[in-house]
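J.: First, the structure itself, so that you have it in front of you.
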Amino acid sequence: MKFDRRTFLKSSAMAGVAASGAMVNGAFFSSPAFAQSNKVINFLSAENLTGNWDPTSHTTLGQINFESFVFGYLTRAPMTPDNPDELVFELAESMELLDEHRLQFKLRKGVKFHNGEPFTAADVKATFEYASKPDRPAAWYPGQVTVDVVDDHTAVVNTKEHGYPASLYWFLSAFLPIMSKKDIEGGALSATPNGTGAFKFVKQDGNTSVLEANPDFILGAPKVPGINMTFVGDATTRMLSLLSGEADIIERLEGEQVETIKEKTGFVINEAVSVENKYLWFRCSKEPFNDPRLRKAVAHAIDRDVILEIMGVSGTPSNAWISPVKFGYVDTPNYPEYSPEKCQALLAEAGFPGGQGLPKLEYITSVGFYPKTKEYGEIITAMLQEQGFDIEYSAMEIAAWADRLYDRPGGGPGHMIDCGWATGSPEPDLVLRTHFHSSSKRICGIEDPELDSVLDKERNATDPAVRKKIIQEELMPMLAEKVPALSLFTSVFIHAMREDLKGLYIYPNGMIDASKATNA
29 MKFDRRTFLK
39 SSAMAGVAAS
49 GAMVNGAFFS
59 SPAFAQSNKV
69 INFLSAENLT
79 GNWDPTSHTT
89 LGQINFESFV
99 FGYLTRAPMT
109 PDNPDELVFE
119 LAESMELLDE
129 HRLQFKLRKG
139 VKFHNGEPFT
149 AADVKATFEY
159 ASKPDRPAAW
169 YPGQVTVDVV
179 DDHTAVVNTK
189 EHGYPASLYW
199 FLSAFLPIMS
209 KKDIEGGALS
219 ATPNGTGAFK
229 FVKQDGNTSV
239 LEANPDFILG
249 APKVPGINMT
259 FVGDATTRML
269 SLLSGEADII
279 ERLEGEQVET
289 IKEKTGFVIN
299 EAVSVENKYL
309 WFRCSKEPFN
319 DPRLRKAVAH
329 AIDRDVILEI
339 MGVSGTPSNA
349 WISPVKFGYV
359 DTPNYPEYSP
369 EKCQALLAEA
379 GFPGGQGLPK
389 LEYITSVGFY
399 PKTKEYGEII
409 TAMLQEQGFD
419 IEYSAMEIAA
429 WADRLYDRPG
439 GGPGHMIDCG
449 WATGSPEPDL
459 VLRTHFHSSS
469 KRICGIEDPE
479 LDSVLDKERN
489 ATDPAVRKKI
499 IQEELMPMLA
509 EKVPALSLFT
519 SVFIHAMRED
529 LKGLYIYPNG
539 MIDASKATNA
């Protein structure tokens, strides 16, 4: 079987990308020469770190950002709009698809975990096999996997006994933080973060995760002595902290804050089309949204152009259920656009003319993390009420919203819920299969044999070109008809930083590579 690796892989290591001073999606800031610096980077995160330290239990962006500092990955994925399929090597030196069910990784030698233990193929085996268990909260994988250890520095992902192609792990290689076999087997995984990344975890001090530079980092010791990653939930507070000098870099800015910072000297704004789409999820597991006609009626009632006007620099159009920087994106021809006439026709067809007879529908959203959710949530509520839907609008603090996010037996809380979804890899199934296959119900809880069939078909396609065609020509049009969720827009991740902070690489999923950063 032929597999064109040139389409999917960049042969240079991440160190080569960072040292080159190249710009990827506007997200890499360089200086002519890196000078030693003794200043810790103070990074204000928009999301708190919760739960234990086991990466396979993490589903939030804040946790994923933390892992990008502390843990190593076989590959990394820059995910630029011009080349969304690109990968670069980190803990792996190469990877090769041996046949339909075997993907081989050659690993770097001399890598050590932060506790001093050597990194080997046994750690890759333990990580992949543990993380792909169906009981792991972050098990966004096509299914169980077996890893064959050839020698200390050769690992082969083997999917033959599990019934799907190993090529799916091509992109997933850039998603999974590599953990220590001893930590997984000995129970230390939840207690202490122990990776191979550029920074070591020191302690948790209230809302601040204190990290120090790892002098043995395989791609070169960091230039800064450490990072303080602090949760600050309010966007205005984050901005004021940057302007006052308390913070070096902040994330998740809104348009007005961007304009305020641009008026000041000494700061840099970075805007990057992200891997995150913002969705209005329907509770397909309970009435009335177990009927696709009603879901589609809501979709036709929403003018997404108005929402984009509210978002300003924080959003960009998306006519699919994945971001434009992910493998398989397409402007779906039958994507449900704003049409009050189609909305009313579908309501009548479903037996609720003008919305008569529909129950009160709760629409849940969050405040304090995503930009403008309250503002555009109020607009969506008004649009739906105009078409005859009786909407109860609930804007909640992050903790209360997160407690209501996922579907449950008999149907999750509310009827519609606003949530974004971002992943660390170009792999589209981290969104598509995670949410829309009956075997992996997350937010919408849909169970649909037709969707299952086409999701299985694209997953099992061994040729990437064939798989992309199935996603674009079969799966996306089917999602447009069934509408288990409406993708409102693709997020633009906005970071602001002091201009003296240089050498950062910001990924489209919000992760930050600070291994070559200087902070004068």
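Taken in order, the sequence shown gives residues 29 to 548; the numbers are from our numbering. All residues carry an ideal CB built from backbone N, CA and C; glycine is no exception. Small disclaimer: the values here were computed from a predicted structure and weren't measured.
1) State yes or no: is the C-beta of I206 within less than 8 Å of the C-beta of F71?
2) Using 8 Å as the Cβ pair cut-off and three pairs as the minimum, do the region 413-426 and the region 345-358 touch?
3) Compute the beta-carbon to beta-carbon distance between S195 and P492, rounded to the nearest angstrom, for a pair I have assumed lies under 8 Å.
4) Identify which residue in N80, N488 and I474 has its Cα closest to the Cα of E315.
5) Grouping DSSP H, G and I as helix and E and B as strand, with all else coil, what is N547?
6) In the DSSP assignment, find the beta strand (DSSP E) that holds T258 and state where it starts and stops.
7) Just list the alpha helix (DSSP H) runs in the region 317-381, keeping only unbroken ones of 4 residues or longer that don't cross its boundaries, in chain order.
8) Does the beta-carbon distance from D244 to K140 come in below 8 Å?
9) Just how far apart, CA to CA, sit D233 and L77?
10) I'd like the list of long-range same chain contacts for V286, defined as Cβ closer than 7 Å, with 5 residues on each side in sequence excluded.
11) Does DSSP put K292 in a helix, a strand or coil?
12) R130 lies in the beta strand (DSSP E); which residues open and close that run?
13) Counting only runs of 4+ residues fully inside the region 176-208, write out the alpha helix (DSSP H) ranges in chain order.
14) In whole angstroms, give me the CA-to-CA distance for P560 and K292.
15) E121 and K134: beta carbons closer than 8 Å?
16) Write down the C-beta distance between K2 and A154 rounded to the nearest angstrom, noting that I regard them as a contact closer than 8 Å.
17) Taking the C-alpha atoms as reference points, what is the distance between A542 and V301?
18) Going by beta-carbon coordinates alone, are E553 and P106 separated by less than 8 Å?
19) Sorted by chain position, which residues of the same chain lie with C-beta nearer than 7 Å to I338's C-beta, five sequence neighbours on each side aside?
20) Tell me whether Q91 is buried or exposed, calling it buried when 16 or more other Cβ atoms sit within 10 Å of its Cβ.
21) Can you give the Cα-Cα distance for G448 and F464, rounded to whole angstroms?
22) Who are Q232's beta bridge partners in DSSP?
23) Measuring alpha carbon to alpha carbon, tell me which of R130, E377, P221 and E157 ends up nearest P83.
24) Can you tell me whether R266 is helix, strand or coil according to DSSP?
25) Does the distance from the CB of N305 to the CB of T518 come in under 8 Å?
26) For N222, which three-state DSSP category applies?
27) Are M555 and F310 closer than 8 Å when you measure CB to CB?
28) I need the straight-line Cα distance from T108 to L204, nearest angstrom please.
29) Taking the alpha helix (DSSP H) that W429 belongs to, which residues open and close that run?
30) My assumption, with CB atoms under 8 Å, is that H129 sits in contact with K188. Please give the rounded CB distance.
31) Which of helix, strand or coil does DSSP assign to Y535?
32) On the criterion of 16 or more Cβ atoms from any shown chain inside 10 Å, does Q384 qualify as buried, or is it exposed?
33) For K137, which residues from the same chain have a beta carbon less than 7 Å from its beta carbon, with the 5 sequence-adjacent residues on both sides left out?
34) Assuming F295 and R526 form a contact by the criterion Cβ under 8 Å, report the distance between their Cβ atoms to the nearest whole angstrom.
35) Hey, out of A430, D333, C472 and A428, whose CA is closest to G439's CA?
36) Quick check on the DSSP output: the alpha helix (DSSP H) that includes M506 runs from which residue to which?
T.: With the structure as the only source:
1) no
2) no
3) 7 Å
4) I474
5) strand
6) G254 to F259
7) 320-329, 332-339 and 368-377
8) yes
9) 12 Å
10) I297, V341 and I522
11) coil
12) R130 to L135
13) 196-200
14) Nothing can be reported for residue 560, as the shown portion of the chain is limited to 29 through 548.
15) yes
16) In the structure as shown, the chain begins at 29 and stops at 548. Residue 2 is therefore absent and cannot be evaluated.
17) 20 Å
18) The question about residue 553 has no answer here: the residues shown for the chain are numbered 29 through 548.
19) K400, E403, Y404 and I407
20) buried
21) 15 Å
22) S237
23) P221
24) helix
25) yes
26) coil
27) With the chain covering 29 to 548 only, the question about residue 555 has no answer from this structure.
28) 19 Å
29) I426 to D431
30) 4 Å
31) coil
32) exposed
33) H181
34) 6 Å
35) C472
36) M504 to K510
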